[in-house]
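J.: Here it is, the structure in full.
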DNA sequence: ATCCTATCCTGGCTGC
DNA sequence: TGCAGCCAGGATAGGA
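See the structure below:
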């Protein structure tokens, strides 16, 4: 699933193809993708706007729009499970799962493709309100070891659901939460306020190193869904220690990897490396 | 405060 | 071979 490393990869690759472009006609093939707004309203909001910048916050993709140099709102994207972004020549066939296309002034088209239709690309005027609820950026300076340790202590939640809570830390999803917990040697059901200081620091470092390594490899592609905007699969799935490895030996100790369900989410761990 | 369940969706898998 | 039924999973809303 697209999590922070996949979204970062997408943003890096589409940014040079979008910044400076002016949007022409919009073709909304699935209304909910644009937030349920009437087609005409979405089209009026984006047509003629110039893309000033493309950036990421957590798993959100933000596209700054302007008209005559003044801010004209934002396009906010979220890939959810199966969303993909492409900037391609006008003749490119976006396939049956194309949900939204925007014409660009260089003759290319920007496509939002999404099999399961959970993804969004919405026009908003108040982006700060939307992103304000997010926790710290895990690769940013504001994500300090001390703050993270305090955060764990001040709550009484199981580690896995807490790591998935975007208000606690922004950008982790099911894969990187499992991989980070394994790297730190912590059980996903451990209560956050009972995690010792040394363990909290280990988890903080594990989250950052796992995410950095995944970005270096352009994210993870373990099924047919995630691809970079250039159609390449990521390579971090080759580095998975626990995710999707149920029954296979732990690469650290040889114990078979266990799969449990935590908060409705498949959760993978090594019972020997990650004791409660 | 935290947890649990349902919802949104569809391709892919399982089992008959 | 065909088909019904179940499942995954990010985010959110509502109830316990």
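Residue numbers (this note's numbering): 21 to 296.
For every residue, glycine included, the Cβ atom is placed at its ideal position computed from N, Cα and C.
Find out if the Cβ-Cβ distance for the pair residue 289, residue 208 is shorter than 9 Å.
T.: Going by C-beta atoms, residue 289 is nearer than 9 Å to residue 208.
J.: For residue 265, does the three-state DSSP call read helix, strand or coil?
T.: It is coil, neither helix nor strand.
J.: Contact between the stretch 171-178 and the stretch 100-107: three or more CB pairs below 8 Å?
T.: Because the criterion of three Cβ pairs below 8 Å is not met, the stretch 171-178 and the stretch 100-107 do not touch.
J.: Report, in whole angstroms, the separation of the C-beta atoms of residue 96 and residue 180, which I expect to be a contact under 8 Å.
T.: With 8 Å as the limit, residue 96 and residue 180 do not qualify as a contact, their Cβ atoms being about 27 Å apart.
J.: Excluding sequence positions up to five away, which residues of its chain have a Cβ less than 7 Å from the Cβ of residue 273?
T.: Answer for residue 273: 290, 292 and 293, listed in chain order.
J.: Excluding the 5 residues preceding and the 5 following residue 79 in the sequence, name in chain order all residues of the same chain whose CB lies nearer than 8 Å to its CB.
T.: These residues qualify, in order along the chain: 22, 23, 24, 27, 98, 99, 186, 190, 191 and 193.
J.: Taking all protein chains shown into account, decide if residue 249 is buried (16 or more other Cβ within 10 angstroms of its Cβ) or exposed.
T.: Per the 10 Å Cβ criterion, buried.
J.: At the level of alpha carbons, what is the spacing between residue 43 and residue 66?
T.: So the two alpha carbons sit approximately 7 Å from each other.
J.: What distance in whole Å lies between the Cβ atoms of residue 82 and residue 75, which are believed to be in contact at a cut-off of 8 Å?
T.: 5 Å between Cβ atoms; contact.
J.: So, for residue 138: in the same chain, excluding its five sequence neighbours on each side, which residues have a beta-carbon less than 8 Å away from its beta-carbon?
T.: Closer than 8 Å at the Cβ level, and outside the excluded window around residue 138, lie 100, 101, 102 and 103.
J.: May I ask which residues mark the beginning and end of the beta strand (DSSP E) holding residue 122?
T.: Start and end: 118-124.
J.: In chain order, which beta strand (DSSP E) runs of at least 3 residues are fully inside the stretch 59-133?
T.: The stretch 59-133 contains these whole beta strand (DSSP E) runs: 70-77, 80-87, 90-98, 103-109 and 118-124.
J.: Quick check: the stretch 195-203 against the stretch 253-262, are there 3 or more CB pairs under 8 Å?
T.: Yes, since at least three Cβ pairs between the stretch 195-203 and the stretch 253-262 fall closer than 8 Å, the two stretches touch.
J.: In the DSSP assignment, find the unbroken beta strand (DSSP E) run with residue 54 in it and report its ends.
T.: Per DSSP, residue 54 belongs to no beta strand (DSSP E) and is neither H nor E.
J.: What do you get for residue 13, buried or exposed, if any count of 16 or more other CB atoms within 10 angstroms of its CB means buried?
T.: This structure cannot speak to residue 13, because the chain is shown only from 21 to 296.
J.: Would residue 122 and residue 46 be called neighbours here (beta carbons separated by less than 9 Å)?
T.: A contact, by the Cβ cut-off of 9 Å.
J.: Would you list the one or two residues that DSSP bridges to residue 46?
T.: Note: residue 46 sits in a beta bridge opposite 122.
J.: For residue 276, write down the residues that DSSP places opposite it in a beta bridge.
T.: Per DSSP, 269.
J.: Taking the alpha-carbon positions, what's the residue 134 to residue 118 distance?
T.: For residue 134 and residue 118, the distance between alpha carbons rounds to 6 Å.
J.: Taking the alpha carbon of residue 49 as the point to measure from, which residue in 115, 255, 252 and 36 has its own alpha carbon closest?
T.: Of the listed residues, the one whose Cα sits closest to residue 49 is 115.
J.: Could you check what DSSP says for residue 164 in three-state terms: helix, strand or coil?
T.: If DSSP states are grouped into helix, strand and coil, residue 164 belongs with coil.
J.: Taking only three categories from DSSP, how would you classify residue 248?
T.: Reduced to three states, the DSSP call for residue 248 is coil.
J.: Buried or exposed for residue 269, going by 16 or more other Cβ atoms inside 10 Å?
T.: When all chains shown are included, residue 269 counts as exposed.
J.: Ignoring anything shorter than 4 residues or poking outside the stretch 142-213, list the alpha helix (DSSP H) runs there in chain order.
T.: Listed in chain order, they are 147-151, 165-173, 179-184 and 194-204.
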